[in-house]
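Novice: Chains A and B, in that order, are what the protein sequence lines are.
Residue numbering for the first sequence follows the numbering used here, starting at 2 and increasing by one per position.
Residue numbering for the second sequence follows the numbering used here, starting at 81 and increasing by one per position.
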Amino acid sequence: MNLKNNIAISDSGFVFNPASGESFSVNPIGLEMLNHIRQGQSIEEIVNSIEKDFQVEKSVIERDLHDFIDMMSQYHLIQNEEE
Amino acid sequence: MITKKRYERPVIKKLESNMPNKFGTRTEYEPVLHLDDVPVKDLISKYGSPLFVVSERKIRKNYQAAKQAFETRYPRVQFAWSYKTNYLNAVCNIFHQEGSWAEVVSGFEYDKAINNGVPGNNIIFNGPDKTEQDLRKAITNNSLIHIDHLDELYMLQEIAKSTKQKPRVAIRVNMDTGIYPIWDRFGFNFENGQAWDALNKIMFSGTMELVGLHTHIGTFMLSPNAYAVAATKLANLAQRLQQKYDHEIKYIDMGGGFASRNTLKGAYLPGTDTNPSIDEFAEAITSALINSDFRPKNPPLLILETGRALIDDAAWLLGSVIANKRLADGRRSTIIDIGVNILFTAFWYAHKITPAQKFTSYTEETVIYGPLCMNIDIIRDNITLPLLNKGDQIVAHHVGAYNMTQWMQFITLRPKVVLIDQNSKVHVIRNNETLQNLMELEAVPTHLATFDL
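#1: So D214(B) is in the alpha helix (DSSP H); what residue range does that whole segment cover?
#2: How about V134(B) and G480(B): are their beta carbons less than 9 Å apart?
#3: Could you name the residues of chain A that E520(B) contacts, counting a contact when the two beta carbons are closer than 8 Å?
#4: I'd like to know if V91(B) contacts chain A, where contact means its C-beta is closer than 9 Å to some C-beta of that chain.
#5: Kindly indicate which residue of I391(B), S372(B), L230(B), L384(B) has the alpha-carbon position closest to the one of E136(B).
#6: In angstroms, rounded to a whole number, what distance separates the CA positions of G337(B) and I30(A)?
#7: Just how far apart, CA to CA, sit R248(B) and V508(B)?
#8: Starting from the N-terminal side, write out each stretch of the beta strand (DSSP E) that is 3 residues or longer and does not extend beyond the segment 103-181 of chain B.
#9: Does the distance from the CB of G267(B) to the CB of I227(B) come in under 9 Å?
#10: Tell me where the beta strand (DSSP E) around L290(B) begins and ends.
#11: When you compare the CB positions of I174(B) and I139(B), do they come within less than 9 Å of one another, or not?
#12: With DSSP as the reference, label R86(B) as helix, strand or coil.
#13: Report yes if the CB atom of D472(B) is closer than 9 Å to the CB atom of V524(B), and no otherwise.
#14: So who's on the other strand from W570(B), going by DSSP bridges?
#15: For a contact meaning CB atoms closer than 8 Å, what does R86(B) contact in chain A?
#16: List, in chain order, every chain B residue whose beta-carbon is nearer than 9 Å to that of S26(A).
#17: With Y449(B) and P466(B) assumed to form a contact (beta carbons below 8 Å), what rounded beta-carbon distance in angstroms separates them?
#18: If you run the structure through DSSP and keep just helix, strand and coil, what is S86(A)?
#19: Only counting the same chain, and skipping five residues up and downstream in sequence, which positions put a Cβ closer than 7 Å to that of D461(B)?
#20: Return the Cβ separation of I491(B) and C453(B) in integer angstroms, given the expectation that the two are a contact with Cβ distance under 8 Å.
#21: In the segment 13-70 of chain A, which residue ranges form an unbroken alpha helix (DSSP H) of at least 4 residues, counting only runs that do not cross its ends?
#22: With respect to the beta strand (DSSP E) encompassing Y325(B), which residues constitute its N-terminal and C-terminal limits?
#23: Can you tell me whether D393(B) is buried or exposed? The criterion is at least 16 other CB atoms within 10 Å of its CB, across all chains shown.
#24: What do you get for M255(B), buried or exposed, if any count of 16 or more other CB atoms within 10 angstroms of its CB means buried?
#25: When burial is assigned at 16 or more other CB atoms within 10 Å of the CB, is W428(B) buried or exposed?
#26: By how many angstroms is the C-alpha of Y163(B) removed from the C-alpha of Y482(B)?
#27: Which runs of the beta strand (DSSP E) spanning at least 3 residues fall entirely within the segment 416-455 of chain B, listed in chain order?
#28: With 9 Å set as the bound, which would you pick, yes or no: does the beta-carbon of R406(B) sit closer than that to a beta-carbon of chain A?
#29: Is there a Cβ from chain B that is less than 9 Å from the Cβ of Q80(A)?
#30: Any beta-carbon of chain A closer than 9 Å to the one on L349(B)?
#31: Buried or exposed: which applies to I383(B), given that a residue is buried once 16 or more other Cβ atoms fall within 10 Å of its Cβ?
#32: Does the segment 25-39 of chain A touch the segment 63-83 of chain A, meaning 3 or more C-beta pairs lie closer than 8 Å?
#33: Please report how far the alpha carbon of A364(B) lies from the alpha carbon of V291(B), in whole angstroms.
#34: To which residues of the same chain is S1(A) closer than 8 Å at the C-beta, ignoring the five residues directly before and after it?
#35: Tell me, to the nearest whole angstrom, how far the beta carbon of S504(B) is from that of D122(B); I am working on the premise that it is less than 8 Å.
#36: Measure from the C-beta of I10(A) to each C-beta in chain B and report whether the shortest distance is under 9 Å.
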């Protein structure tokens with residue numbers, strides 16, 4: 002699970018994919034997750050790090066993170082290891 | 081101590097610049113936290129979810145506004161509460177306290193009105209299904225019987241002859257008012273002469289007292305002009321009765337069917353912006369009556385059987401989020417505990433749904449499903465909502481008409497209905513169903529009483 006190299010992410014949650022010309026907006030939690038993914042963190046690491054800062058159970062973060070990653074794949078923002 | 085930040089689920093939204101939408105989509109992220117000054121959270125924690133909430137304040141306000149709209153334009157006006165729209169006794173009694181008569185369409189509703197204490201002569205009995213027993217009761221109570229078909233007319237004649245009582249009757253007239261579809265299944269048709277024929281039969285029989293003329297041209301009518309056409313046609317019949325028999329009818333009943341402020345599915349703009357107001361209907365009807373050729377010595381009483389327009393926005397349905405799901409095509413779906421079994425009107429309205437807690441401005445396009453294990457259980461096909469989590473509460477708006485009568489016990493049990501009175505005090509006006517309630521109606525033959533598995 003890697004974010005595609007040239008994806009641009011602004012601090013305000015604006016995401017741009019120069020390969021397709023598509024742009025997206027993410028909310029603050031999404032932005033945080035996106036930055037963790039970009040740093041190459043594993044699902045477990047991301048969940049732990051978010052749980053530290055936010056008032057939420059780990060199971061909820063994990064479920065939401067998987068859903069978020071699915072959406073990113075659907076938008077072609079993430080490439081799997083073998084690609 | 082470090083306080084942790086509030087969590088919201090992550091969302092990524094593609095920005096579309098190539099798909100303009102003339103009207104834009106309305107985002108319902110303005111939360112509704114209170115209903116008539118009572119916190120939604122408290123209502124759900126005390127009375128459960130889902131929960132119907134009826135506002136006494138709003139009902140009275142709607143009634144008084146409608147009454148004023150007609151009374152400022154016409155000298156003699158009488159409303160009759162349409163029981164089928166919402167026949168919870170507490171709701172009916174608010175209307176009766178305001179001065180409404182009762183308009184019923186079955187023996188069951190008739191008995192309900194009598195039980196509520198409505199005097200028999202203030203009950204209008206409509207509908208195609210009146211049994212002989214119903215009619216005898218209505219005649220004895222001096223109720224207003226609106227004849228739907230010739231079989232009923234002949235039955236009334238026989239009862240009148242055998243009992244030597246003189247029923248007070250009107251006929252229901254159906255007609256072309258320029259709208260589609262024409263409701264021609266109830267009553268007697270104006271254009272083909274059936275209505276005039278029925279009136280002649282009543283006048284010649286001498287066994288009944290013809291007191292009024294009634295029509296009900298359709299439901300959720302968006303054209304006030306159709307009522308003007310209908311009122312003109314009824315005035316025409318009244319005038320012919322006057323000319324031929326020197327008989328003056330005492331009232332003209334224009335029925336109901338005025339659109340509420342709900343939004344029909346497929347409409348571009350919300351009903352609150354586009355649907356005609358009660359004043360527009362009042363203007364159309366009263367102008368047509370006043371300007372007609374009918375010249376009575378006393379203006380006939382104008383009766384209105386408005387239901388939906390008086391109660392729809394006076395009730396809400398509160399519910400909770402059961403789960404969020406991602407559909408195969410990537411769309412978000414949210415499952416709530418309100419199903420089409422209790423929100424029957426979700427089949428034809430795009431009900432306004434708002435969250436009952438504060439949210440950020442991030443939204444998602446969502447399909448809202450009910451809790452039933454049935455494919456038809458869809459509350460909204462597409463709505464832009466804030467990021468709802470399991471357990472969050474929502475408010476469905478404009479649910480006062482027909483839901484609390486057309487609802488069905490299907491898969492789940494029906495919830496409580498509460499009324500918020502004018503002092504913001506909450507009263508349970510219908511309890512939730514229990515398994516016991518339903519079992520009481522069932523019987524299991526002895527040979528089916530036991531089994532081994």
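By construction, the Cβ of each residue, glycine as well, lies at the ideal position given by its N, Cα and C atoms.
Specialist: In this structure, then:
#1: Unbroken alpha helix (DSSP H) run through D214(B): 212-220.
#2: Taking 9 Å as the cut-off, the beta carbon of V134(B) is found closer than this to the beta carbon of G480(B).
#3: Neighbours of E520(B) on chain A: none; closest Cβ ~42 Å, over 8 Å.
#4: Judged by the 9 Å Cβ criterion, V91(B) is in contact with chain A.
#5: Selected option, being the one with the closest Cα: I391(B).
#6: Distance between the alpha carbons of G337(B) and I30(A): 49 Å.
#7: The alpha-carbon atoms of R248(B) and V508(B) are separated by roughly 38 Å.
#8: With a minimum length of 3 residues, the continuous beta strand (DSSP E) runs that stay inside the segment 103-181 of chain B are 131-135, 157-162.
#9: In this structure, G267(B) places its C-beta atom within 9 Å of the C-beta atom of I227(B).
#10: Per DSSP, L290(B) is one residue of the beta strand (DSSP E) stretching across 289-295.
#11: Yes, they are a contact pair.
#12: The answer is strand: DSSP assigns R86(B) an E or B state.
#13: Against a cut-off of 9 Å, the Cβ pair of V524(B) and D472(B) comes out as no contact.
#14: Absent from the structure is residue 570(B), since the part of chain B shown begins at 81 and ends at 533.
#15: Taking a Cβ-Cβ threshold of 8 Å, the residues of chain A close to R86(B) are F55, Q56, in chain order.
#16: Chain B residues near S26(A): V91, I92, K93, K94, L95, Y442.
#17: Y449(B) to P466(B), Cβ: 18 Å. No contact.
#18: The structure shown does not extend to residue 86(A), since chain A is modelled only from 2 through 84, so no value can be given for it.
#19: So the list reads V447, once near-sequence residues are dropped.
#20: Confirmed, Cβ separation roughly 7 Å.
#21: Listed in chain order, the complete alpha helix (DSSP H) runs (minimum 4 residues) inside the segment 13-70 of chain A are 29-39, 44-54.
#22: First-last for Y325(B): 304-325, but that is the alpha helix (DSSP H), not the beta strand (DSSP E).
#23: That one is buried.
#24: The residue is buried, with at least 16 neighbouring Cβ atoms inside 10 Å.
#25: It is exposed - the Cβ of W428(B) has fewer than 16 other Cβ atoms within 10 Å.
#26: Note on geometry: alpha-carbon atoms of Y482(B) and Y163(B) lie some 10 Å from one another.
#27: Here the runs fully enclosed are 433-435, 443-449.
#28: At least one chain A Cβ lies under 9 Å of R406(B).
#29: Interface residue (Cβ-Cβ distance to chain B less than 9 Å): Q80(A) is not classified as such.
#30: Nearest CB-CB separation between L349(B) and chain A: not below the 9 Å threshold.
#31: I383(B) is classed as buried because its beta carbon has at least 16 other beta carbons within 10 Å across all chains shown.
#32: With a cut-off of 8 Å, the segment 25-39 of chain A and the segment 63-83 of chain A count as touching, because enough Cβ pairs lie within range.
#33: Taking the CA atoms as reference points, A364(B) sits about 23 Å from V291(B).
#34: What the structure shows of chain A is the stretch from 2 to 84, and residue 1(A) is not part of that stretch, so it cannot be assessed.
#35: Wrong, their Cβ atoms sit about 11 Å apart, outside the cutoff.
#36: No, I10(A) does not count as interfacial toward chain B.
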